[in-house]
Amino acid sequence: MTTGSGVRATARIVATTEGLPVLAGEGPLALRRTRAPGGRHRVTVVGAMSAPLGGDRLAVEAEVREGARLTVDAAAATIALPGRTGEPAHYDVRLGVGPGGELHWLPEQLISARGSDLRMRTRVELAPDARLVLREEQILGRHGEDPGTLTTRLTVHRAGRPLLDQELAYGPGAPGGWNGSAVLGGHRAVGQLLVVDPELAENPLPARMLGESAVLTPLAGPAFLVTALAPDARLLRRVLDEVRTAQRDSTPRLSVR
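Below, the structure written as structure tokens:
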């Protein structure tokens with residue numbers, strides 16, 4: 001739906017062991033069922049129009065019910081662009097994974113174009129034995145341009161208890177120092193990889209540096225978070241993919257490809 005202050009659109013996915021009983025997109029959020037290995041469902045988000053623009057309010061909801069396995073990816077990067085009114089855009093992601101379920105949330109990069117203002121919020125609710133692989137990548141500005149304003153918040157609860165609550169802000173209007181040596185140090189690509197797997201309770205990974213600009217941090221639960229910086233999107237993806245491959249090899253029950 002389009003209003004005077006922007007587009008309102010919600011996409012919803014429900015996955016069960018039998019299939020995808022709910023697969024509904026609106027406006028710029030088109031959903032496509034795509035091929036996946038046996039026993040797993042896969043949905044690709046296809047951008048049907050330029051979004052989010054200033055004033056837009058977009059949302060994606062994905063529910064993985066008991067025992068189901070779902071991968072959600074995207075056909076292309078998302079570009080936050082300025083709108084005509086000067087209002088910020090809002091993009092909300094709400095994810096739920098039931099008992100024995102598994103979700104791989106693997107969107108493409110979010111690009112913060114000059115003059116844009118995007119507020120993005122991701123909320124995740126996990127059952128005690130649910131599995132999650134979640135990747136986020138933010139690119140601050142297109143080639144040769146300054147970034148827009150980008151604020152993101154990631155909140156994860158497992159068995160009703162907080163696992164992670166993290167807010168990041170970049171660009172004009174963000175707290176001072178976001179581009180200083182103690183934060184981005186001039187890098188323009190920043191990403192995270194969150195892995196939640198009950199097997200990590202018995203075999204937790206130690207905290208360690210992963211090269212010069214990435215770090216693995218174990219969380220207070222069967223989970224770890226990798227945070228990485230890079231000069232561009234290609235190098236950032238390489239770092240996060242290497243971690244996913246290593247985790248796949250060390251925890252065979254969790255296929256992170």
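Here the sequence shown stands for residues 1 to 257, where the numbers follow our numbering. Each residue gets a CB set at the ideal place from its N, CA and C atoms; glycine is no exception.
Please report how far the alpha carbon of residue i lies from the alpha carbon of residue j, in whole angstroms.
i       : j       : result
Leu-164 : Val-195 : 11 Å
Gly-54  : Glu-202 : 46 Å
Leu-29  : Glu-242 : 29 Å
Asp-129 : Pro-162 : 15 Å
Glu-87  : Thr-217 : 36 Å
Val-223 : Pro-198 : The sequence shown places Ala at residue 223, rather than the Val named in the question. Going from the Cα of Ala-223 to the Cα of Pro-198 covers about 8 Å.
Gly-148 : Glu-18  : 42 Å
Asp-92  : Leu-210 : 30 Å
Ser-213 : Leu-184 : 9 Å
Leu-23  : Glu-63  : 11 Å
Gly-101 : Leu-95  : 12 Å
Ile-13  : Thr-122 : 15 Å
Ala-169 : Val-215 : 19 Å
Arg-135 : His-157 : 16 Å
Arg-188 : Val-226 : 17 Å
Ser-181 : Ala-174 : 16 Å
Tell me the DSSP bridge mates of residue i?
i       : result
Ser-260 : One cannot answer for residue 260 here, as it falls past the ends of the chain, which runs 1 to 257.
Leu-61  : In the sequence on display, residue 61 carries Glu and not Leu. Arg-12 and Arg-94, per the DSSP bridge assignment.
Pro-99  : BP columns for Pro-99 are empty, so no partner.
Arg-135 : Leu-193
Once the 5 residues before and after residue i are set aside, which same chain residues still bring their CB inside 6 Å of it?
i      : result
Arg-32 : Thr-44 and Val-46
Leu-20 : His-41
Ala-75 : Thr-44 and Val-46
Gly-38 : none
Short of 7 Å in beta carbon distance, which residues of its chain neighbour residue i, apart from the five on each side in sequence? Order them along the chain.
i       : result
Pro-52  : Leu-58, Ala-80, Ala-89, Tyr-91 and Leu-118
Arg-253 : No answer about Arg-253 holds up, because its pLDDT of 42 lies below 50 and its placement is not dependable.
Residue i: beta carbon under 7 Å from a heavy atom of the ligand ZN?
i       : result
Arg-114 : In the structure on display, the ligand ZN does not appear, and there are no ligands present to speak of.
With a cut-off of 8 Å on the beta carbons, I'd call residue i and residue j a contact; round off their distance for me.
i       : j       : result
Ala-246 : Glu-137 : So it is not a contact: roughly 18 Å between Cβ atoms.
Given 8 Å as the limit, is there contact between the stretch 107-114 and the stretch 76-96, that is, 3 or more CB pairs closer than that?
Inter-segment contact for the stretch 107-114 and the stretch 76-96 is present: three or more beta-carbon pairs are separated by less than 8 Å.
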